[in-house]
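Everything below concerns the one structure shown next.
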Amino acid sequence: MVRLAVHSDINRILRIGSSAESDESKRGLIERAIDRGGCLVALDDEIVVGYAIMNHDFFDRGFVSLIYVEPAHRRRKVGSSLFDECESQCKSDRIFTSANKSNLPMQGFLVSREYVLSGTVQNLDDGDPELFYSKELR
Ligand SMILES: CC(C)(COP(=O)(O)OP(=O)(O)OC[C@H]1O[C@@H](n2cnc3c(N)ncnc32)[C@H](O)[C@@H]1OP(=O)(O)O)[C@@H](O)C(=O)NCCC(=O)NCCS
69 MVRLAVHSDI NRILRIGSSA ESDESKRGLI ERAIDRGGCL VALDDEIVVG
119 YAIMNHDFFD RGFVSLIYVE PAHRRRKVGS SLFDECESQC KSDRIFTSAN
169 KSNLPMQGFL VSREYVLSGT VQNLDDGDPE LFYSKELR
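Right, here's the structure in full:
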């Protein structure tokens, strides 16, 4: 089941997943996403097993800036359920997201959902370009 995240989910979201960011900066990111209705959680038996963050700040297009599925729950369509909901909430005709060039699982996931490469941005992460993908929704 996927639903909008609420503030009481924050600690459960922080508990899953590792991140390059500190807990404090990640907490701020998630709080702001929840405040603007842009954070989704996937639940399995009431337990948060994944989340996604989406906004419309990217050239006024829907942009999924973050998705994370707890490792033990991967390849069980949790990511697919989160992306289904992002796509259905997207207000633009085309939805965007991105992945590091080194992130082959995310690229496999996006290609399986018929996302296409829209461009590459260098100099975000050292030596690991950011690949931007998109998909026409309607
Ligand atoms: C990428 C990610 C979100 C996928 O979530 P998931 O719940 O495992 O994905 P699903 O089970 O919905 O996968 C759907 C399809 O995507 C493709 N896919 C998913 N993971 C894949 C992988 N590791 N390699 C290749 N293809 C993959 C497959 O076609 C899969 O269907 P199948 O399992 O029937 O073969 C998950 O691996 C993850 O959280 N990774 C770490 C966080 C991350 O890198 N986020 C992206 C940057 S923000």
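Quick note: the sequence shown uses this note's numbering, first residue 69, plus one each step. Beta carbons: idealized from backbone N, C-alpha and C, even for Gly. Predicted, not measured: the structure shown is a model, and the values here were computed from it.
Residue from 191, 115 and 109 with nearest C-alpha to residue 148: 109
Minimum C-alpha distance to residue 118 - residue among 128, 77 and 157: 77
Residue 181, DSSP secondary structure in three states: coil
Distance, residue 74 Cα to residue 104 Cα: 11 Å
Beta-bridge pairing of residue 166 - partner residues as DSSP gives them: 200
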